[in-house]
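Numbering (my numbering), first residue to last: 121 to 162.
Following this line, the structure appears as structure tokens:
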């Protein structure tokens, strides 16, 4: 089944990209919150 192989080779990088982008955004959010906490005086 060559179609399944092509589909897998297309979907897998997309899933990896989406997951890595999600984690990158999550880390960015944590960094932003950290910097906001640092800037705001208590």
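Don't be surprised by glycine CBs; every beta carbon is placed ideally from N, CA and C.
Quick check: the Cα distance between residue i and residue j, rounded to an integer number of angstroms?
i, j, result
"residue 148", "residue 130", "27 Å"
"residue 133", "residue 126", "12 Å"
"residue 140", "residue 146", "10 Å"
"residue 150", "residue 136", "21 Å"
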